[in-house]
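**Student:**
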Amino acid sequence: MVELNMMCGSGAGFSPFMTGTILPLVAYATFITAMLIAISFMLGRALSNPKLTLWSKTELVQLFVSAATVLFIPLVVSTFCSVDMGEVGGIFDITDGSGNIYDSAQRYLADTAVYAHNAVTVVRYHLEGYTVISYFNALMCEGQIGGGIGIGCFFGQGSDSIQPLGGYGATMGALNVAFNSSIMSYFSAMNFLFILLFVYRGFVFLFLPLGVFLRSMPYMRPFGSLMFAMALSFLIVYPLMLAIFGLMHGALLIAPQNAAGHPMDVASYNEKIFPESETGSELGGSTGGAEYVRALYFSGNDEVVGAISWAATAFIAGIFFPTLAMLATLASVSYVARLYGDEIDLSKLTQMV
Amino acid sequence: MKRLMVLLLLVPLAFAAWQSVAAMAMATSAILLAGIYIIGFGLSISELQILAKEEFFQLIALMVMIAALWGGDGILNSVSTNMAFAGDAGTMQNASVIILADWRANVSSALGGLAAMDQSISIEASKGGQCNIFGIGYSVSGCGGYSMLAAPLSMAGGIVGFAIAEIASMERLVQISMNYALNFILPLGILLRTFKMTRGAGGFMIALAVSMHIMLPAGIIFNSMLAETFLADQATLAEEGKTPEYPPVPAEATIMECTGMDTGVIGDSEGISTAVKTYGLAASVDTSTNEGKAVTSYLNMRNALRSYLYAMLIEATMGPILALLLMVASLRALTSIAGAEVDVSAVSRFI
Chain A
34 MVELNMMCGS
44 GAGFSPFMTG
54 TILPLVAYAT
64 FITAMLIAIS
74 FMLGRALSNP
84 KLTLWSKTEL
94 VQLFVSAATV
104 LFIPLVVSTF
114 CSVDMGEVGG
124 IFDITDGSGN
134 IYDSAQRYLA
144 DTAVYAHNAV
154 TVVRYHLEGY
164 TVISYFNALM
174 CEGQIGGGIG
184 IGCFFGQGSD
194 SIQPLGGYGA
204 TMGALNVAFN
214 SSIMSYFSAM
224 NFLFILLFVY
234 RGFVFLFLPL
244 GVFLRSMPYM
254 RPFGSLMFAM
264 ALSFLIVYPL
274 MLAIFGLMHG
284 ALLIAPQNAA
294 GHPMDVASYN
304 EKIFPESETG
314 SELGGSTGGA
324 EYVRALYFSG
334 NDEVVGAISW
344 AATAFIAGIF
354 FPTLAMLATL
364 ASVSYVARLY
374 GDEIDLSKLT
384 QMV
Chain B
58 MKRLMVLLLL
68 VPLAFAAWQS
78 VAAMAMATSA
88 ILLAGIYIIG
98 FGLSISELQI
108 LAKEEFFQLI
118 ALMVMIAALW
128 GGDGILNSVS
138 TNMAFAGDAG
148 TMQNASVIIL
158 ADWRANVSSA
168 LGGLAAMDQS
178 ISIEASKGGQ
188 CNIFGIGYSV
198 SGCGGYSMLA
208 APLSMAGGIV
218 GFAIAEIASM
228 ERLVQISMNY
238 ALNFILPLGI
248 LLRTFKMTRG
258 AGGFMIALAV
268 SMHIMLPAGI
278 IFNSMLAETF
288 LADQATLAEE
298 GKTPEYPPVP
308 AEATIMECTG
318 MDTGVIGDSE
328 GISTAVKTYG
338 LAASVDTSTN
348 EGKAVTSYLN
358 MRNALRSYLY
368 AMLIEATMGP
378 ILALLLMVAS
388 LRALTSIAGA
398 EVDVSAVSRF
408 I
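Protein chains in written order, with this note's numbering: chain A, 34 to 386; chain B, 58 to 408.
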């Protein structure tokens, strides 16, 4: 179960983190920067250097802008905490949303990870089952007298052998593609989830104090602006986009249909792929015939196309849409950086997505 | 200026559905901008006044964009319901769903055919025999020659699996676009584009909504049209008495029955089966031996391959690629128009 209320809870929420950790650090950074500016201003006056004096005045304004931004963040966070995505969805006649924006974003990625993991489970079940049954080897003694018994094996062995359930190479080739894809989707969903958790817990801790300090340092303003822009965008746009995609839960995270037209159920593909030897299945397997063995693994629940479809839809939910959220966030970084008066080229960073 | 503000506040009354959400967002933004401008004017802070003016220009740009989308809504609907694209399905989206279901059935049938051939071959390849008395004897795998057919079938299975995944992905994307593109993603995009902090994300969502709604089904329908032209050409061949090169329905190849104990070297010719299928058979292949039967089965499979190429390449591969290319190209162009600097090359790499 995912721990929610990481941003909006009264006890362990973002507010204590902000007030207890970030604001003191920002205060230190602001104080140090203000001291540097004051010294520069005094030096400018003492040396009658108008350039230094002007620089100090400009930096003082920028310091004020930086500090105002830091104070703006708790306002945004509290607003996002008070927005109920259920009500937002209600405006558009969507009934899938619930909770605040930060919780909805987290829940969407957690549900996506579970969905992708279910795809892995279903595909793996088929792969394991087909592998086991394709190696089932039947021995048919010469001189059959009935019931699979032949006189050819009475005094030695004279028999034909065959793998009556062999030949799932093509099917397993298809499932292998789906297996790799679903694992990638699972990892991707987990990756985006951990980025989100890092944003909730560690991102602003580093970027905001550094941003305040660096924005006032000569030649370092673009870097400081980038810090601010990233902190703001990842705190605002990234969760917002994910929460919006979370409202599409009803179409995005539904199980594909099986051949009969019903939604597939992951409960039909549990871990009991290997028959229990205590129940006598080994004896049954050796005497019951091919269909008996096949039914041990697939009793009407083999859905190769459905399993592959599940992996494909997991790709859409776990890779495609979270990537779109990340792209929108990076686009927002450029905008926010421009708000602070700097142009930032993020094309290289985007290519890493 | 005052008249324009009043006009903006009245705008919500003139719209319906997503347009009303957009109008409310614009009105809110206008009120905020007016507040910023008033503070700037009152305290003589020129930066605030400049910021308010700049944002007001952005608001006007958004109004133009919404007007274009509002006017374009009719165009989008007329394109969407155009008989040439939508056919009897009513809308392009419904038509694309029907086409995808058809492609999915063909590709699933191809996988079924491959699996059936694979099972026949593997059962034949597994046939062997052993004989021993008092621990002395031999075992033979007289049908081992069939094993050579397993590797290409496994590879083919991988390709078909990929094709099924592609079509399932497209189905899910079209479903999402039908449910959410115009009535959820588009108005939210407009709402987000109104505010400076979320302008990039908003522009991106506007572009995404329009691209998903129109370009995604369009790509599927265009590919289907191309495929129909291709099939018409094949039908002409059939009318001329020639065999179509690429039949649209996957055909199964006949796999010849092998005799496990028949090694051909021990002098045992027990149970030689007759050749069931003879098309494409090279004259030099001796079908009385297990090796000859394996080669004959291979040749049968080779001849059946073309019937798989249509479903695999034209429908399942070309279709999704064309649709996604159209969508990404449209996304790139529209994000630029919407003023969002989003590098969609990351999305292109999904193709």
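Ideal Cβ placement from N, Cα and C applies to all residues, glycine included. Note that this is a predicted model, so its numbers are computed, not measured.
Rounded to a whole number of angstroms, what is the C-alpha to C-alpha distance between A364/A and L249/B?
**Tutor:** Position 331 of the first sequence, counted from the start, is the residue given in the question as residue 364/A. Position 192 of the second sequence, counted from the start, is the residue given in the question as residue 249/B. Whole-angstrom Cα-Cα distance: 13 Å.
**Student:** Hey, could you find the ends of the beta strand (DSSP E) M253/A is sitting in?
**Tutor:** For the purposes of this step, residue 253/A is taken as residue 220 along the first sequence, with counting starting at 1. Note, M253/A: premise wrong, no beta strand (DSSP E); not H, not E.
**Student:** Closest by CA to V232/A, which one among G77/A, V270/A, L87/A?
**Tutor:** As a position in the first sequence, residue 232/A is number 199, starting the count at 1. Out of G77/A, V270/A, L87/A, V270/A has the C-alpha closest to the C-alpha of V232/A.
**Student:** Under 8 Å by Cβ, that's how I've got A152/A and A293/A pegged, so tell me the actual separation to the nearest angstrom.
**Tutor:** Translated into the one-based positions of the first sequence, residue 152/A becomes position 119. Translated into the one-based positions of the first sequence, residue 293/A becomes position 260. Not a contact, Cβ separation roughly 19 Å.
**Student:** Do A207/B and A182/B come within 8 Å of each other at the CB atom, strictly closer than that value?
**Tutor:** Here residue 182/B refers to the residue found at position 125 when the second sequence is read from its first residue. Here residue 207/B refers to the residue found at position 150 when the second sequence is read from its first residue. Yes, these two residues count as a Cβ contact at 8 Å.
**Student:** Under a Cβ-count criterion, where at least 16 other Cβ atoms within 10 Å of its own Cβ denotes burial, should R147/B be classed as buried or exposed?
**Tutor:** Within the second sequence, the letter at position 90 stands for residue 147/B. Going by the sequence as given, residue 147/B is Gly instead of Arg. By the 10 Å Cβ count, G147/B comes out exposed.
**Student:** Consider the Cβ of K184/B: report whether some Cβ of chain A lies at a distance smaller than 8 Å.
**Tutor:** As a working mapping, residue 184/B is identified with position 127 in the second sequence. By this cut-off, K184/B is an interface position.
**Student:** Let me know the secondary structure DSSP gives M369/B once reduced to three states.
**Tutor:** Start at 1 with the first residue of the second sequence, and residue 369/B comes out as number 312. If DSSP states are grouped into helix, strand and coil, M369/B belongs with the helices.
**Student:** Suppose you measure from the CA of M253/A to the CA of L105/B; what does that come to, to the nearest Å?
**Tutor:** Locating residue 253/A in the first sequence gives position 220, counting from the first residue. Locating residue 105/B in the second sequence gives position 48, counting from the first residue. M253/A and L105/B: Cα-Cα distance of roughly 25 Å.
**Student:** Going along the chain, which residues of its own chain have a beta-carbon closer than 6 Å to the beta-carbon of T145/A, five neighbours each way excluded?
**Tutor:** Numbered from 1 along the first sequence, position 112 holds the residue referred to as residue 145/A. Hits under 6 Å: A222, A350, G351.
**Student:** Between F231/A and chain B, is there a C-beta pair that is closer than 8 Å?
**Tutor:** To locate residue 231/A, count along the first sequence from 1; it is residue 198. For F231/A, the answer is no, since every Cβ of chain B falls outside 8 Å of its Cβ.
**Student:** Decide if P57/A is buried, meaning its Cβ has at least 16 other Cβ atoms within 10 Å, or exposed.
**Tutor:** Here residue 57/A is taken as the residue at index 24 of the first sequence, counted from 1. With fewer than 16 Cβ atoms within 10 Å of its Cβ, P57/A is classed as exposed.
**Student:** Using a C-beta to C-beta distance shorter than 7 Å, which residues of chain B count as neighbours of L208/A?
**Tutor:** Mapped onto the first sequence, residue 208/A falls at position 175. Residues of chain B passing the Cβ test: G218.
**Student:** Could you tell me how far apart the beta carbons of Q150/B and P244/B are, in whole angstroms, since I believe they sit closer than 8 Å?
**Tutor:** Counting from one through the second sequence, the residue named residue 150/B turns up at place 93. Counting from one through the second sequence, the residue named residue 244/B turns up at place 187. So it is not a contact: roughly 18 Å between Cβ atoms.
**Student:** Does the CB of T128/A have a neighbour CB from chain B at under 8 Å?
**Tutor:** Reading the first sequence from its first residue, position 95 is the one you call residue 128/A. With 8 Å as the cut-off, T128/A does not count as an interface residue toward chain B.
**Student:** Round the Cβ separation of V164/B and A368/B to the nearest angstrom and send it over; I've been treating them as touching at under 8 Å.
**Tutor:** In the second sequence, residue 164/B corresponds to position 107, counting from 1. In the second sequence, residue 368/B corresponds to position 311, counting from 1. At roughly 6 Å, the Cβ-Cβ gap stays under 8 Å, so V164/B and A368/B are in contact.
**Student:** Listed from N- to C-terminal order along the chain, which residues in the stretch 264-276 of chain B have their beta-carbon within a distance smaller than 9 Å of any beta-carbon of chain A?
**Tutor:** The residues in question are L265.
**Student:** List, in chain order, every chain A residue whose beta-carbon is nearer than 9 Å to that of R389/B.
**Tutor:** On the second sequence, position 332 is the one that residue 389/B refers to. Ordered by position in chain A, no residue passes the 9 Å Cβ test against R389/B, which lies about 12 Å from the chain.
**Student:** Buried or exposed: where does D126/A fall if 16 or more other Cβ atoms within 10 Å of its Cβ makes it buried?
**Tutor:** Within the first sequence, residue 126/A is the residue found at index 93, counting from 1. By the 10 Å Cβ count, D126/A comes out exposed.
**Student:** Check each residue of the stretch 340-365 of chain A: if its Cβ is closer than 9 Å to any Cβ of chain B, include it; give the result in chain order.
**Tutor:** Within the stretch 340-365 of chain A, the residues whose Cβ lies closer than 9 Å to some Cβ of chain B are I341, S342, W343, A344, A345, T346, F348, I349, A350, I352, F353, F354, T356, L357, A358, M359, L360, A361, T362, L363, A364, S365, listed in chain order.
**Student:** For the stretch 204-222 of chain B against the stretch 201-209 of chain A, do three or more pairs of beta-carbon atoms, one drawn from each stretch, fall closer than 8 Å, so that the two count as touching?
**Tutor:** Judged by Cβ distances under 8 Å, the stretch 204-222 of chain B makes contact with the stretch 201-209 of chain A, as three or more pairs qualify.
**Student:** Under DSSP, the alpha helix (DSSP H) around Q95/A begins and ends at which residues?
**Tutor:** Residue 95/A sits at position 62 when you count from the first residue of the first sequence. Counting along the chain, the alpha helix (DSSP H) containing Q95/A begins and ends at 83-115.
**Student:** Anything in chain B within Cβ reach of E196/A, meaning under 8 Å, just list it in chain order.
**Tutor:** Taking the first residue of the first sequence as position 1, residue 196/A is located at position 163. Position check: residue 196/A holds Gln in this sequence, whereas Glu was assumed. Going along chain B in sequence order, the residues near Q196/A (Cβ under 8 Å) are S179, I180, S183.
**Student:** For the candidate residues K253/B, L294/B, T346/B, I312/B, whose alpha-carbon lies nearest to that of G170/B?
**Tutor:** Against the second sequence, residue 170/B aligns to sequence position 113. Considering only alpha carbons, the answer is I312/B.
**Student:** I193/B to S332/A, Cα distance in whole Å?
**Tutor:** As a working note, residue 193/B is residue 136 in the second sequence. As a working note, residue 332/A is residue 299 in the first sequence. Approximately 41 Å, taken between the alpha carbons.
**Student:** Based on the DSSP secondary-structure assignment, which residues constitute the bridge partners of A438/A?
**Tutor:** Chain A is shown only over 34 to 386; residue 438/A falls outside these bounds and no answer can be derived.
**Student:** Quick one: list the residues of chain B neighbouring I269/A, beta-carbon separation under 8 Å, in chain order.
**Tutor:** As a working note, residue 269/A is residue 236 in the first sequence. Ordered by position in chain B, the residues that pass the 8 Å Cβ test against I269/A are M254, T255.
**Student:** How long is the line joining the alpha carbons of L388/B and I117/B, rounded to whole angstroms?
**Tutor:** One-based indexing of the second sequence puts residue 388/B at position 331. One-based indexing of the second sequence puts residue 117/B at position 60. Their Cα atoms are separated by approximately 22 Å.
**Student:** What does Y195/B pair with, by DSSP beta-bridge criteria?
**Tutor:** By one-based count along the second sequence, residue 195/B stands at place 138. Looking at the DSSP assignment, Y195/B forms a beta bridge with C188/B.
**Student:** Give every residue of the same chain whose Cβ lies closer than 6 Å to the Cβ of H150/A, excluding the five residues on either side of it in the sequence, and list them in chain order.
**Tutor:** Within the first sequence, the letter at position 117 stands for residue 150/A. If we look at H150/A and ignore the five residues flanking it on each side, its Cβ neighbours are Y219.
**Student:** Spatial neighbours of F348/A within its chain, please: C-beta separation below 7 Å, excluding the five flanking residues on both sides.
**Tutor:** On the first sequence, position 315 is the one that residue 348/A refers to. Closer than 7 Å at Cβ, skipping near neighbours: S214, S218.
**Student:** What are the partner residues of I182/A, as DSSP defines its beta bridges?
**Tutor:** Your numbering for residue 182/A matches position 149 in the first sequence. Answer is G179/A, bridged to I182/A.
**Student:** In whole angstroms, what separates the C-alpha of A340/A from that of A380/B?
**Tutor:** To locate residue 340/A, count along the first sequence from 1; it is residue 307. To locate residue 380/B, count along the second sequence from 1; it is residue 323. Between A340/A and A380/B, the C-alpha separation is close to 24 Å.
**Student:** Using only the alpha-carbon positions, how far apart do A143/A and R363/B sit?
**Tutor:** If you number the first sequence from 1, residue 143/A lands on position 110. If you number the second sequence from 1, residue 363/B lands on position 306. For A143/A and R363/B, the distance between alpha carbons rounds to 44 Å.
**Student:** Look at the alpha carbon of P49/A and the alpha carbon of V110/A, and state the distance between them as a whole number of angstroms.
**Tutor:** If you number the first sequence from 1, residue 49/A lands on position 16. If you number the first sequence from 1, residue 110/A lands on position 77. Straight-line Cα distance between these residues: approximately 12 Å.
**Student:** Select from the stretch 227-258 of chain B all residues with a C-beta closer than 7 Å to any C-beta belonging to chain A, and list them in chain order.
**Tutor:** Here the close residues are R229, L230, Q232, I233, N236, Y237, N240, F241, L245, K253, M254, T255, R256, G257, A258.
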